[in-house]
Amino acid sequence: MQTDPRYPVGQYEPRPFSEEQKEQWLADIRFLPQALENAVVNLDEQQLQTPYREGGWTVHQLVHHVADSHMNAYIRFKLGFTEVDPTIKPYEEKLWAITKDVENLPINISLTLLFALHQRWYEFLKFFTDADWQRTVYHPESKKTMTLWYLLGMYAWHSRHHTAHITSLREQKGWS
Numbered sequence: 001m002q003t004d005p006r007y008p009v010g011q012y013e014p015r016p017f018s019e020e021q022k023e024q025w026l027a028d029i030r031f032l033p034q035a036l037e038n039a040v041v042n043l044d045e046q047q048l049q050t051p052y053r054e055g056g057w058t059v060h061q062l063v064h065h066v067a068d069s070h071m072n073a074y075i076r077f078k079l080g081f082t083e084v085d086p087t088i089k090p091y092e093e094k095l096w097a098i099t100k101d102v103e104n105l106p107i108n109i110s111l112t113l114l115f116a117l118h119q120r121w122y123e124f125l126k127f128f129t130d131a132d133w134q135r136t137v138y139h140p141e142s143k144k145t146m147t148l149w150y151l152l153g154m155y156a157w158h159s160r161h162h163t164a165h166i167t168s169l170r171e172q173k174g175w176s
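Shown next as structure tokens:
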């Protein structure tokens, strides 16, 4: 069965709360930086400038995108934890992917950022109570109220999703 190159791990499917699911998703958050670094190890500049699929971002852009996205995620969790149903700020991720910092900086800058960010994020999340996961944020673009539990699953998926874009490209191209 051919998988859709846009969704190498499938699309995000919310799951009911369970301790087992929580531990799995927290591990996805905790270990994303290492998984992403492993996915790009030994890629040369030409490979980093290769789109993961036709019309998709390059590997270089993907790494910077994950950093941008997860910085926003960390702030969304902090807002959701410290305020009552705050409105979170959407952003134009496609435009963020073509800014000069993304264009000019090597991916190790975003990888370094992700190691520090995810250590902080994981340390923050691992102490959440069951009630904390039910706190909410409001996303004005989708006009949806989302629990922090939903967001945990979404960003755990996002971590696996973009890492798989790179590892799938490596497999497809035969890059060892």
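Letter by letter, the sequence shown follows residues 1 to 176 in the UniProt record's numbering.
Backbone N, C-alpha and C define an ideal beta-carbon position, used for all residues, glycine too.
Taking a 10 Å sphere around the C-beta of Asp101, we find fewer than 16 other C-beta atoms and assign the residue as exposed. One Cα belongs to Leu117, the other to Val66, and the distance between them is close to 11 Å. The secondary-structure analysis by DSSP pairs Thr145 across a beta bridge with Tyr138. Under the DSSP assignment, Asn42 falls outside any alpha helix (DSSP H); it carries neither an H nor an E label.
Counting other Cβ atoms within 10 Å of its Cβ, Pro8 reaches 16 or more and is therefore classed as buried. Annotated as distal: Leu151 and Asp132, with beta-carbon spacing of 9 Å or more. For Gly55, there is no enclosing alpha helix (DSSP H), as DSSP marks it with neither H nor E. Out of Val84, Asn72, Phe77 and Gln11, the CA that lies nearest to the CA of Pro90 is found in Asn72. For Thr129, the three-state secondary structure derived from DSSP is coil. Between Gln46 and His60 a beta carbon distance of about 11 Å is seen, past the 8 Å cut, so the two are scored as non-contacting.
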